[in-house]
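Peer 1: Read left to right, the sequence shown gives residues 1 to 395 (full-length UniProt numbering).
Cβ atoms here follow ideal geometry from the backbone N, Cα and C, with glycine treated the same way.
Just dropping this structure here.
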Amino acid sequence: MSTLQKKIQNLAKTYAAEFIDIRHHLHAHPELSYQEFETSRFVQNKLNEFGIPFSVMAQTGVVGLIKGKNPNKKVIALRADMDALPITEQNDVPYKSKNEGVMHACGHDVHTTCLLGAAKILQELKDEWEGTVKLIFQPGEERNPGGASILIKEGVLDNPKPQAIYGLHVHPQLQIGKLSFRGGQVMASADEIYITIKGKGGHAAAPHLTADTILIASHLIVSLQQIISRNRNPLSPSVLSICSIQGGHTTNVIPSEVKLMGTFRALDEEWRFKAHELIRKQATELVHSMGAEIDLHIDVGYPAVYNNEQLNGIARNLAEQYMGKEKVETTEVRMGAEDFGYYTNHIPGCFYRLGVMNAAKGITSGVHTPTFNIDESAIETGMGMMAWLGGGTEY
């Protein structure tokens with residue numbers, strides 16, 4: 001074990017209680033995407049307290065810079081997202097959300113806490129590691145166009161440009177005290193589909209005088225699934241889900257308009273955009289053939305997350321040194337999406353998972369649920385590991 005690693009572990013243990021309190025504060029004061037004004041101020045105040053210079057980007061984003069020995073030797077970026085979700089919390093805890101209808105149900109309070117903890121540790125030990133660490137506290141991960149894309153447009157990956165970027169995410173199905181990594185494609189792209197079918201409505205007893213938008217929508221929903229089953233390479237995961245259908249208000253009137261909303265996800269970028277063309281063509285021709293008109297919009301969202309194989313190997317090796325091999329697992333491929341994919345389109349990145357589950361304590365709820373919570377001993381692991389990746393990576 002290196003001296004630096006040991007010192008990071010000791011400081012993570014020493015500061016764990018302090019940062020659990022910080023997590024409680026963040027959890028109790030969640031803010032929606034692009035509205036993280038108080039969270040941003042809190043992060044800025046903490047960086048000032050730690051003596052770390054920073055700048056504000058994308059209105060609520062905070063980007064700090066810590067220079068170690070030989071600061072030009074390497075630049076490593078560490079990223080945490082700060083926004084919450086429009087969910088009403090059902091946990092009965094002292095730090096329950098005070099903002100009605102808003103909750104840190106995806107663990108971004110944990111991510112921000114871990115990065116703040118890593119920042120304090122790295123700043124304290126800056127004479128004992130080489131290079132520069134860029135701290136990225138990012139807004140708007142939960143909502144298009146994604147805070148990562150805005151920060152990148154504003155130059156977050158310049159001056160200085162990182163050689164690599166790390167991001168962590170809580171994993172409620174991974175046992176506390178463990179981390180997981182995976183090289184290559186690890187998360188899917190995510191695009192939103194909005195369809196409006198318009199036709200002549202009328203009396204349900206006289207469908208021959210109408211364009212039955214309900215029936216047309218039903219055919220379309222079933223038909224769209226064939227794009228996945230008959231056109232996609234079976235070895236490349238992809239999913240299309242229509243998640244909302246809105247139309248009609250009573251039992252005997254065929255409505256003149258039906259709206260559909262859904263999501264399309266893929267791991268292969270070439271197939272992703274080919275599928276968009278197929279969706280447009282099939283939806284338009286089917287609706288027209290049944291006598292109605294269609295408005296269709298595909299809101300192109302986050303790209304797939306690709307973990308650089310070399311960087312993932314470096315990170316996994318550092319994790320095994322820090323945690324022990326038996327506590328480092330391989331992350332499963334997920335069809336969920338993350339705007340971290342924007343970073344990995346520009347520089348080598350590694351997006352890894354922090355175990356937060358404790359079945360013995362009943363802490364098993366998934367993310368994006370009103371009962372999501374974590375075993376807070378994960379804070380010590382999360383902040384220490386981020387510091388170790390920032391200071392220990394040779395790239």
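Among all the DSSP beta bridges, which residues are the ones paired with F351?
Peer 2: For this step, residue 351 is matched to residue 351 along the sequence shown. G167, per the DSSP bridge assignment.
Peer 1: Using 8 Å as the cut-off, can you tell me whether the region 40-55 makes contact with the region 101-110, which would need three or more C-beta pairs spanning the two stretches below that distance?
Peer 2: As far as the Cβ criterion goes, the region 40-55 does not touch the region 101-110, which means the pair count is below three.
Peer 1: How is the alpha helix (DSSP H) around K153 delimited, first residue to last?
Peer 2: Your numbering for residue 153 matches position 153 in the sequence shown. Unbroken alpha helix (DSSP H) run through K153: 147-153.
Peer 1: Pair every Cβ in the region 70-79 with every Cβ in the region 89-97, then say whether three or more of these pairs are closer than 8 Å.
Peer 2: No, the region 70-79 does not touch the region 89-97.
Peer 1: First and last residue of the beta strand (DSSP E) that includes C243?
Peer 2: Here residue 243 is taken as the residue at index 243 of the sequence shown, counted from 1. Segment 238-246, the beta strand (DSSP E) holding C243.
Peer 1: For the alpha helix (DSSP H) that M323 lies in, which residues bound it at each end?
Peer 2: What you label residue 323 is simply residue 323 of the sequence shown in a count that begins at 1. Unbroken alpha helix (DSSP H) run through M323: 309-323.
Peer 1: Could you check what DSSP says for N358 in three-state terms: helix, strand or coil?
Peer 2: Residue 358 sits at position 358 when you count from the first residue of the sequence shown. Strand.
Peer 1: Closest to P370 by C-alpha separation, out of K96, E270, T381, would be which residue?
Peer 2: Taking the sequence shown and counting its residues from 1, the one referred to as residue 370 is at position 370. Minimum Cα distance to P370 is reached at K96.
Peer 1: Can you name, in chain order, every residue of its own chain whose Cβ lies under 7 Å from the Cβ of G202, other than the five neighbours on each side?
Peer 2: By 1-based counting over the sequence shown, the position of residue 202 is 202. Closer than 7 Å at Cβ, skipping near neighbours: L209, T210, I254.
Peer 1: Between the region 311-329 and the region 175-194, are three or more C-beta pairs nearer than 8 Å?
Peer 2: With the cut-off at 8 Å, the region 311-329 and the region 175-194 touch.
Peer 1: Determine whether the beta carbon atoms of H104 and F351 lie at a separation below 8 Å.
Peer 2: Residue mapping note: residue 104 aligns to position 104 of the sequence shown, counting from 1. Residue mapping note: residue 351 aligns to position 351 of the sequence shown, counting from 1. For H104 and F351, no; Cβs fall outside 8 Å.
Peer 1: In the DSSP output, which residue or residues are listed as bridge partners for H55?
Peer 2: Start at 1 with the first residue of the sequence shown, and residue 55 comes out as number 55. Reading off the sequence shown, one finds Ser at residue 55, where the question assumed His. Beta-bridge pairing links S55 to V63.
Peer 1: Assign F372 to buried or exposed, taking buried as 16 or more other Cβ atoms, counted over all protein chains shown, within 10 Å of its Cβ.
Peer 2: On the sequence shown, residue 372 is found 372 positions in, with the first residue counted as 1. Per the 10 Å Cβ criterion, buried.
Peer 1: Please report the residue range of the alpha helix (DSSP H) in which S229 lies.
Peer 2: Locating residue 229 in the sequence shown gives position 229, where the first residue counts as 1. Element bounds for S229: 213-231.
Peer 1: Please report the distance separating the alpha-carbon of A292 from that of F273.
Peer 2: One-based indexing of the sequence shown puts residue 292 at position 292. One-based indexing of the sequence shown puts residue 273 at position 273. For A292 and F273, the distance between alpha carbons rounds to 26 Å.
Peer 1: Quick one: give me the first and last residue of the beta strand (DSSP E) that Y194 is part of.
Peer 2: Position 194 of the sequence shown holds residue 194. Counting along the chain, the beta strand (DSSP E) containing Y194 begins and ends at 189-198.
Peer 1: For a quick check, are the C-beta atoms of I197 and I66 less than 8 Å apart?
Peer 2: To locate residue 197, count along the sequence shown from 1; it is residue 197. To locate residue 66, count along the sequence shown from 1; it is residue 66. Contact: no.
Peer 1: Which value, in whole angstroms, describes the spacing of the CA atoms of A190 and D127?
Peer 2: Looking up residue 190 in the sequence shown gives position 190. Looking up residue 127 in the sequence shown gives position 127. Whole-angstrom Cα-Cα distance: 42 Å.
Peer 1: Looking at Y322: is its Cβ nearer than 8 Å to the Cβ of Q59?
Peer 2: Translated into the one-based positions of the sequence shown, residue 322 becomes position 322. Translated into the one-based positions of the sequence shown, residue 59 becomes position 59. No, the Cβ-Cβ distance between Y322 and Q59 is not below 8 Å.
Peer 1: Could you pull the start and end residues of the alpha helix (DSSP H) that A378 belongs to?
Peer 2: Within the sequence shown, the letter at position 378 stands for residue 378. Where A378 is concerned, the enclosing alpha helix (DSSP H) stretches over 378-392.
Peer 1: What residues in its chain sit with their C-beta under 6 Å from that of S238, if we drop five residues either side in the sequence?
Peer 2: For the purposes of this step, residue 238 is taken as residue 238 along the sequence shown, with counting starting at 1. Closer than 6 Å at the Cβ level, and outside the excluded window around S238, lie I228, R232, A266.
Peer 1: If the criterion is Cβ atoms closer than 8 Å, does the pair I176 and V156 meet it?
Peer 2: Along the sequence shown, read from residue 1 onward, the residue named residue 176 stands at position 176. Along the sequence shown, read from residue 1 onward, the residue named residue 156 stands at position 156. For I176 and V156, no; Cβs fall outside 8 Å.
Peer 1: Ordered along the chain, which non-local residues of its own chain (more than five positions away) have a Cβ less than 8 Å from that of T251?
Peer 2: Mapped onto the sequence shown, residue 251 falls at position 251. If we look at T251 and ignore the five residues flanking it on each side, its Cβ neighbours are A204.
Peer 1: Where do the ends of the alpha helix (DSSP H) carrying G341 lie?
Peer 2: Along the sequence shown, one-based indexing puts residue 341 at 341. From DSSP, the alpha helix (DSSP H) with G341 extends over 340-344.
Peer 1: So, does the region 372-389 touch the region 338-346, judging by three or more C-beta pairs under 8 Å?
Peer 2: The region 372-389, when compared against the region 338-346, does not touch it at the 8 Å Cβ threshold.
Peer 1: What would DSSP say about F372, mapped onto helix, strand or coil?
Peer 2: Taking the first residue of the sequence shown as 1, we reach residue 372 at position 372. Three-state result, F372: coil.
Peer 1: Can you name, in chain order, every residue of its own chain whose Cβ lies under 7 Å from the Cβ of P303, other than the five neighbours on each side?
Peer 2: Indexing the sequence shown from 1 puts residue 303 at position 303. Cβ within range, chain order: S189, E269, G341, Y342, N345.
Peer 1: Starting from the C-beta of I214, find all residues in its chain whose C-beta is less than 8 Å away, skip the five residues before and the five after it, and write them out in chain order.
Peer 2: As a working note, residue 214 is residue 214 in the sequence shown. Cβ within range, chain order: G247, G248, I254, P255, V258.
Peer 1: Buried or exposed for V43, please, with buried defined as at least 16 other CB atoms from any protein chain shown within 10 angstroms of its CB.
Peer 2: Looking up residue 43 in the sequence shown gives position 43. Result: buried.
Peer 1: How is G202 classed by DSSP in three states: helix, strand or coil?
Peer 2: The count along the sequence shown starts at 1 and reaches residue 202 at position 202. Looking at G202 - three-state DSSP - the assignment turns out to be strand.
Peer 1: Take E36 and list the residues in its own chain whose beta-carbon comes closer than 6 Å to its own, dropping the five residues that flank it on each side.
Peer 2: Translated into the one-based positions of the sequence shown, residue 36 becomes position 36. Excluding residues within five positions, the ones whose Cβ falls inside 6 Å are T60, M82, D83, P139.
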